[in-house]
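J.: Let me give you the structure first, and then I'll get to my questions.
Protein chains: 4
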Amino acid sequence: MRPFSAIFVPDELSASLSDRAWLEAMLEAERALVEAEARAGLVSEEAVRAVTAALAADRYDIDALAAEGRAPGNPVEPLVRAIRTQVGEPHAADVHRGATSQDILDTAAVLVATRAMRIVDAELASAAEACARLAAEHRGTVMAARTLLQQAVPTTFGYKAAGWLVALVDARRRLGAVELPAQLGGAAGTLGALGDRGAEVLALYAEELGLAEPVVPWHTRRAPFVSLGGALSEAAVAVAKIARDVVLLAQSEVGEVSEGEGGVSSSMPHKRNPAQAVLADACARHARASAALLVECGVHEHERAVGAWHAEWGALNDALAATGGAAAAIARSLGGLRVDAARMRANLGPDLVSEEGSLGSVDVFIDRALALHQA
Amino acid sequence: MRPFSAIFVPDELSASLSDRAWLEAMLEAERALVEAEARAGLVSEEAVRAVTAALAADRYDIDALAAEGRAPGNPVEPLVRAIRTQVGEPHAADVHRGATSQDILDTAAVLVATRAMRIVDAELASAAEACARLAAEHRGTVMAARTLLQQAVPTTFGYKAAGWLVALVDARRRLGAVELPAQLGGAAGTLGALGDRGAEVLALYAEELGLAEPVVPWHTRRAPFVSLGGALSEAAVAVAKIARDVVLLAQSEVGEVSEGEGGVSSSMPHKRNPAQAVLADACARHARASAALLVECGVHEHERAVGAWHAEWGALNDALAATGGAAAAIARSLGGLRVDAARMRANLGPDLVSEEGSLGSVDVFIDRALALHQA
Amino acid sequence: MRPFSAIFVPDELSASLSDRAWLEAMLEAERALVEAEARAGLVSEEAVRAVTAALAADRYDIDALAAEGRAPGNPVEPLVRAIRTQVGEPHAADVHRGATSQDILDTAAVLVATRAMRIVDAELASAAEACARLAAEHRGTVMAARTLLQQAVPTTFGYKAAGWLVALVDARRRLGAVELPAQLGGAAGTLGALGDRGAEVLALYAEELGLAEPVVPWHTRRAPFVSLGGALSEAAVAVAKIARDVVLLAQSEVGEVSEGEGGVSSSMPHKRNPAQAVLADACARHARASAALLVECGVHEHERAVGAWHAEWGALNDALAATGGAAAAIARSLGGLRVDAARMRANLGPDLVSEEGSLGSVDVFIDRALALHQA
Amino acid sequence: MRPFSAIFVPDELSASLSDRAWLEAMLEAERALVEAEARAGLVSEEAVRAVTAALAADRYDIDALAAEGRAPGNPVEPLVRAIRTQVGEPHAADVHRGATSQDILDTAAVLVATRAMRIVDAELASAAEACARLAAEHRGTVMAARTLLQQAVPTTFGYKAAGWLVALVDARRRLGAVELPAQLGGAAGTLGALGDRGAEVLALYAEELGLAEPVVPWHTRRAPFVSLGGALSEAAVAVAKIARDVVLLAQSEVGEVSEGEGGVSSSMPHKRNPAQAVLADACARHARASAALLVECGVHEHERAVGAWHAEWGALNDALAATGGAAAAIARSLGGLRVDAARMRANLGPDLVSEEGSLGSVDVFIDRALALHQA
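For the record, the sequence lines run as chains S, L, Z and C.
Each residue of the first sequence is one higher than the one before, counting from 208 in our numbering.
Each residue of the second sequence is one higher than the one before, counting from 208 in our numbering.
Each residue of the third sequence is one higher than the one before, counting from 208 in our numbering.
Each residue of the fourth sequence is one higher than the one before, counting from 208 in our numbering.
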């Protein structure tokens, strides 16, 4: 989401997806590996101490790792070499024992994604809270329902917000249900270098990391990331629907809502742009595109893919950054939203005013949405 | 997937997605509506009889409905007019009472998709069964694991098939977890025309159809179809990974598998093309593209979308047809797959032969995969 | 674009993309091949007569060809067998001499696409004509320009239509510049079976078909179709922008335009839905998705792709159908568009009325757009 | 393409797409504007001196601009305020006179893209040069042509390289034909604030920038960027095809090519990974996804889009970075490619050896490809 990514992505989320965050997560995976192998009796406690002492992120030069990663095609190979240099003899060989680059990078991706998802979820929760408040406050605020952007029948603004809410609650549930397990398969998923202790080490490694243990290594079965992509795009769709509605309601000719801190125009100071809803829409577009790329990168050849794996890293980062940016922007938009109930009523066309009594099951549906949110 | 769609899509699946199937599903929605309204005391039993008697699909001209649907932008409007003509007075007005076109079309889409998903799932199950058989039979068939398409370490073909299996089992679970509820919201989601009986009618309507009742109407909250798209693309990815592996293993220079009924070449009779794996790959591409379109169509304006809704129908049809086509093709490929264990062993490079003892945790992982499948 | 594709795609365009049209095009390719080979002295005139006599489309059963095409993975293999049966001895071997399935299918795709593009272009031309008329008629019709859907400064409706026009003119030029050459490469692009006469036969074959001759065969260099996808998506974008604007201007609260034959609602007869603009938007979504799939299918392995080629056929058909559907729908929308100049003026906000004099260079720009159209 | 973007994107290209590069381009647009207005007699020479003196990039804090850009939704609004502060009275009002944020940002995007395209093209040229060399050197190197990854008939490696070459030459032509004009339309495309001098200022502004003058302002007619996206994806497809072929030829069981500086594996030192071809494939995936997003962002509402515009900036950056990364990686791959002619011959299957004489028109086609490249 460059250039000027701070416009789109919250600082905390950007930090959670930075090269530094990835480096720290890779070091954490190496730490968990040596600890797990020690618990399985494959390396000594002394080796654990020697290796873990070398795993401070500050010891490594991120730019150099990236530059040196170009030849092998990934940053783990130079990192492992650098760690081994730091550890020195006799324990250098206890670094990365039995693992492959993808074990470390996939696990790092899972750690990074898991942390970023918490931030994304917090933004979605904040947006949902704002919807719940609007649904409750505007339960009786009558407005025009619009189909194909034509006034159709009366509804309430509370019901509209309740609809937004249900989508956000669903999206949060979906995101919360994504399971990203630890990755450890060795050179080609067999854990061959660990003899008959591979499965045991895998379980201990996952435990060390606080991650789920996979049924089997998933080097080339990318359902975890494909599924994360699906969940992020559902969240992005939920946000984009709210953004679209806010922008439409904020039109000069409609004027039923406005953003608290409306966007300033560089040439027209009289305008009140729904800038945060607009940014939410823009981010949601990036989120959908990156999520689609994650899916497209789900097909991996044999025991390691020739490109699809390498393309995943950036797609994952982008999908998380953009979804979080979308959620944060819509939370800002909704958080300060000014609702003009009088204008909503005044806008009701003649056909709708006469029908105003017939709000049908709107109250029942609002109650259900609020109950779902509180559940 | 035209032209020549029979190459790609099984006949039964095509039929389940045909205009006729959609028409029947729309008529079924109208039937459920009048029955539900009768149970709620809103229409008479006589009206139910009059209406249901008119709902035989043969009474309606599909081509005419499509042609007449161009002006209003959907086929429900002309269909409702045609049904009312068939019903005649005094019960014409009891047709489609309180509903909107989208109620009927969305419900029809759900019915069509639910049935098509069963066929897709059966094809996935057939492919999974073939994988399970291969995993068990070839538990001890040593072959080269290949990373970045370079021979890496030894593995077994059984383990490779077990990996395919896990992905298919996951995909089936994901598809089975998609919930597609009935749709009934009236003109704009409030069920305003049903007074205070809307929520009750919605529940009865869902029951009549054997579908889940939604928390609230979902005219513009498209998570059900977005989520279906996600599930279908996960299935397509699982299939495409198998297809890619089969094609690579079938290469002239590798020759470790071949399809039982290898594709005939129009110019080179000596070739044995892995034609079913190739078709599976092609279908999976369409499935991913249509699923991405479903996501992109998830953002709906206000109470009815200006285009995203209309684009969904075809995207849904295509995603189901292509995923099912992919699953059917890979089931054919795997069902007749000839595995050349001797060639697998002969292909092992010198570095791998010496390592052959180290199959690591392969047997443990195969057992887990088979257990997951049988669960 | 199923179900009910007649809602979206003009009948003539559908026919041009039907299985029958593809069959006829494949037969035309076979005819051109034998004629070219006769001109090169490789087959006798008698053979030409025998072969061409067998190429009437009615002799072939499309459903059977599709069904039989599943095993080899394409419809050409069974078609060639069927033609050879029809031709009988001694000239059966003069059918498809030196060619491969992809030669015939790619050439058929080019013929089909070329004809469909003419229909698409005619619809775009019709829409452009309507824009030009609106630009000229409404040169002086003042309305609000809207940025971020907020009223900004005054503009004219003529200028808005002129902007639509420029995009359509550009799209037509781009589409007209796509070059789809004939395809003939033999088994693997070398024309090896034609000895040293291959390049000569290729030139004659292209001439017979009235198609461009490629620099070299393009079995796995898909720029022609990737580029067509790009051109179609540009056209779809140009149409979708108009559709979006029409829908926004037609909103109940704006009311500045309406479609002549406004969409009828099944539940709200008072509504005037901009149904044709809505359909245009829906079609344009499908067009963009199919065009993106065409690009994604542009990467072909070695001398024939394992899936990307097979997925292209449907993507090509869909992209053409959807772009043409979009163009036809917007042409219908614009053709009957009612422009309410009084409402445009009345809608001008107070800040804009005071600026009304400042229409800047609007007239210059309209003139340029009209000149571009007439060029 | 983060994390570790240096693995994927050449440093020079990254720099050309950095926030700093965008800032400099925005300042360049402001300079051209004031110069053009001075030439049109709308501002004084003194104002030009005062304004241009303030336009040094070092005076502006990029991080602050991005942070302050969140409220208005773009970085131009805070930048214009900052420039005006720098300029001070009496000339502050001569900064950004008559322009809107989008004028400056679009023009900056064009300047940034134009420079980045030069780098991308240089990498494509380098790859093309390598292909031309391979085509000439290996004109007589016989190898198996493979269709559906099955050996089909003999071909030469020179012909394969010639096919790659034609695609690269076409892609460079396509990229070179993209026209990105200057942008200047004022608040809503009318240049209303410049009275009757708008068109004149637009021409001078374009001249100052060395950019093409648009027929009319293109705030919401995004063909220039949609078309750039199309051209970039064609280039990415051309690169990806080469990458796919290199990876397949480099397989252990094929062994016909290897990369000079083969990728090192962190666990298997005996492997020679085709790491640069793999990175090229990964980049090409990102390029296609970003290009598709550019197309999807081509539909803009009224006189400024509510999200599509804002999403374009990142999509444009990503598409350029990824295409350039793909081109650079394949140039590295091809530049050091080791071709094993003996292995190619040895791999020829028995059916192919007997046909070896029949190389058909391969030499003619190689000559045509080389001529096209040299044209």
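Ideal placement from N, C-alpha and C gives every residue a C-beta, glycine not left out.
1. In the DSSP assignment, what residue or residues form a beta bridge with VAL465(Z)?
2. Would you say SER223(S) lies against chain C (beta-carbon separation less than 9 Å)?
3. What did DSSP end up calling PRO279(C) once you bin it into helix, strand or coil?
4. Thinking C-alpha only, which one of LYS367(L), LEU230(L), ALA323(L) and ALA374(L) is nearest ALA528(L)?
5. Mapping DSSP to helix, strand and coil, what is PRO361(L)?
6. If you measure from the beta carbon of PRO271(S) to each beta carbon in chain L, is any gap under 9 Å?
7. Just to make sure I have the definition right: I need the residues of chain L whose C-beta is within less than 9 Å of the C-beta of SER212(Z). Which are they?
8. Ends of the alpha helix (DSSP H) at VAL513(L)?
9. If you drop the 5 nearest sequence neighbours on each side, which residues of the same chain put their C-beta closer than 8 Å to that of GLN293(S)?
10. Report the option in LEU391(L), LEU382(L) and LEU355(L) whose CA atom is closest to the CA atom of ASN281(S).
11. For the region 482 to 506 of chain C, enumerate the residues whose C-beta is nearer than 8 Å to any C-beta of chain Z, in chain order.
12. Consider the Cβ of MET324(C): report whether some Cβ of chain S lies at a distance smaller than 9 Å.
13. Kindly indicate the opening and closing residues of the alpha helix (DSSP H) around MET233(S).
14. Mind listing the chain Z neighbours of GLY556(S)? Cutoff is C-beta to C-beta under 8 Å, in chain order.
15. For MET350(L), which of helix, strand or coil comes out of DSSP?
16. Looking at ALA536(L): is its Cβ nearer than 9 Å to the Cβ of PHE215(L)?
17. Rounded to whole angstroms, what is the Cα-Cα separation between SER333(Z) and LEU224(S)?
18. Between LEU455(C) and chain L, is there a C-beta pair that is closer than 9 Å?
19. Between LYS478(S) and chain L, is any beta-carbon pair separated by less than 9 Å?
20. So, is ALA515(Z) buried or exposed, given that buried needs 16 or more other C-beta atoms within 10 angstroms?
21. Interface residues of chain S around GLY543(C) at Cβ under 7 Å?
22. Kindly list the residues whose CB is nearer than 7 Å to the CB of SER308(S), restricted to its own chain and excluding five residues on each side of it in sequence; keep chain order.
23. Tell me, please, whether the CB atom of GLN358(L) is closer than 9 Å to any CB atom in chain C?
24. I need the boundaries of the alpha helix (DSSP H) containing ASP301(C), first residue and last residue.
25. When you compare each of ALA222(C), ALA335(C) and ILE311(C) to LEU577(C) by their alpha carbons, which one comes out closest?
26. By Cβ distance, which residues of its chain are closer than 7 Å to VAL506(C), with the 5 residues on each side in sequence left out?
27. Just reading off the alpha helix (DSSP H) that GLN458(S) is part of, what are its end residues?
28. At least one CB of chain L closer than 9 Å to the CB of PRO297(S): is that the case?
29. Under DSSP, the alpha helix (DSSP H) around LEU220(C) begins and ends at which residues?
30. Could you tell me the alpha carbon to alpha carbon distance between ALA337(S) and VAL444(S), rounded to whole angstroms?
31. For the region 331 to 357 of chain S, which residues have a beta carbon sitting closer than 9 Å to at least one beta carbon of chain Z?
32. Based on the DSSP secondary-structure assignment, which residues constitute the bridge partners of ARG428(Z)?
33. Please classify ALA384(S) as buried or exposed, where buried requires at least 16 other C-beta atoms within 10 Å of its C-beta.
34. With three or more beta-carbon pairs closer than 8 Å as the criterion, would you say the region 355 to 374 of chain L touches the region 386 to 396 of chain L?
35. For PRO421(Z), which three-state DSSP category applies?
36. By the three-class DSSP mapping on this structure, what secondary structure does PRO388(Z) have?
T.: Working from what's here:
1. One-based indexing of the third sequence puts residue 465(Z) at position 258. Position check: residue 465(Z) holds Ser in this sequence, whereas Val was assumed. For SER465(Z), which the question treats as bridged, DSSP gives the partners ARG545(Z).
2. In the first sequence, counting from the first residue as 1, residue 223(S) sits at position 16. Not one chain C Cβ lies under 9 Å of SER223(S).
3. Position 72 of the fourth sequence holds residue 279(C). The answer is coil: DSSP assigns PRO279(C) none of H, G, I, E or B.
4. Residue 528(L) sits at position 321 when you count from the first residue of the second sequence. Here the closest residue by C-alpha is ALA323(L).
5. By one-based count along the second sequence, residue 361(L) stands at place 154. Here PRO361(L) sits in strand by DSSP.
6. Here residue 271(S) refers to the residue found at position 64 of the first sequence. Here the sequence assigns Ala to residue 271(S), which means Pro is not the residue at that position. It does not; no Cβ of chain L falls within 9 Å.
7. Counted from its first residue, the third sequence places residue 212(Z) at position 5. Per Cβ cutoff of 9 Å: ASP226, ALA273 and GLY521.
8. As a position in the second sequence, residue 513(L) is number 306, starting the count at 1. No alpha helix (DSSP H) contains VAL513(L), which DSSP labels as neither H nor E.
9. On the first sequence, position 86 is the one that residue 293(S) refers to. Around GLN293(S): ALA261 and ARG266.
10. Reading the first sequence from its first residue, position 74 is the one you call residue 281(S). The candidate whose alpha carbon is nearest that of ASN281(S) is LEU355(L).
11. ALA491, ARG495, ALA498, ALA499, VAL502, GLU503, GLY505 and VAL506
12. In the fourth sequence, the residue the question calls residue 324(C) occupies position 117. Judged by the 9 Å Cβ criterion, MET324(C) is not in contact with chain S.
13. Reading the first sequence from its first residue, position 26 is the one you call residue 233(S). Its alpha helix (DSSP H) spans residues 226 to 246.
14. The sequence position of residue 556(S) within the first sequence is 349, counting from 1. Per Cβ cutoff of 8 Å: SER459.
15. Position 143 of the second sequence holds residue 350(L). Here MET350(L) sits in strand by DSSP.
16. Against the second sequence, residue 536(L) aligns to sequence position 329. Against the second sequence, residue 215(L) aligns to sequence position 8. Going by C-beta atoms, ALA536(L) is nearer than 9 Å to PHE215(L).
17. What you label residue 333(Z) is simply residue 126 of the third sequence in a count that begins at 1. What you label residue 224(S) is simply residue 17 of the first sequence in a count that begins at 1. The alpha-carbon atoms of SER333(Z) and LEU224(S) are separated by roughly 50 Å.
18. If you number the fourth sequence from 1, residue 455(C) lands on position 248. Cβ-Cβ to chain L under 9 Å: yes for LEU455(C).
19. As a position in the first sequence, residue 478(S) is number 271, starting the count at 1. It does not: the Cβ of LYS478(S) has no partner Cβ on chain L nearer than 9 Å.
20. Here the question's residue 515(Z) lines up with position 308 in the third sequence. ALA515(Z) should be labelled buried.
21. As a position in the fourth sequence, residue 543(C) is number 336, starting the count at 1. The premise fails here: GLY543(C) is roughly 11 Å from chain S at the closest Cβ pair, so nothing lies under 7 Å.
22. By one-based count along the first sequence, residue 308(S) stands at place 101. ASN281, VAL283 and GLU284, listed in sequence order.
23. Translated into the one-based positions of the second sequence, residue 358(L) becomes position 151. By this cut-off, GLN358(L) is an interface position.
24. As a position in the fourth sequence, residue 301(C) is number 94, starting the count at 1. Taken as a continuous stretch (DSSP letters only), ASP301(C) belongs to no alpha helix (DSSP H), as it is neither H nor E.
25. Taking the first residue of the fourth sequence as position 1, residue 577(C) is located at position 370. Among ALA222(C), ALA335(C) and ILE311(C), the Cα nearest to that of LEU577(C) belongs to ALA335(C).
26. Taking the first residue of the fourth sequence as 1, we reach residue 506(C) at position 299. Answer for VAL506(C): ALA515, listed in chain order.
27. What you label residue 458(S) is simply residue 251 of the first sequence in a count that begins at 1. Here GLN458(S) belongs to no alpha helix (DSSP H), and DSSP marks it neither H nor E.
28. Here residue 297(S) is taken as the residue at index 90 of the first sequence, counted from 1. Taking Cβ atoms only, chain L never reaches closer than 9 Å to PRO297(S), which makes this a no.
29. Mapped onto the fourth sequence, residue 220(C) falls at position 13. That run of the alpha helix (DSSP H) goes 218 to 223.
30. Your numbering for residue 337(S) matches position 130 in the first sequence. Your numbering for residue 444(S) matches position 237 in the first sequence. Roughly 17 Å separates the two Cα atoms.
31. ALA351, ARG353, THR354, LEU355, LEU356 and GLN357
32. Numbered from 1 along the third sequence, position 221 holds the residue referred to as residue 428(Z). In DSSP, ARG428(Z) forms a bridge with VAL506(Z).
33. The residue given as residue 384(S) occupies position 177 in the first sequence. ALA384(S) should be labelled exposed.
34. no
35. Sequence index remark: in the third sequence, residue 421(Z) carries index 214 (1-based). Three-state result, PRO421(Z): coil.
36. Numbered from 1 along the third sequence, position 181 holds the residue referred to as residue 388(Z). Residue state, collapsed to three classes: strand.
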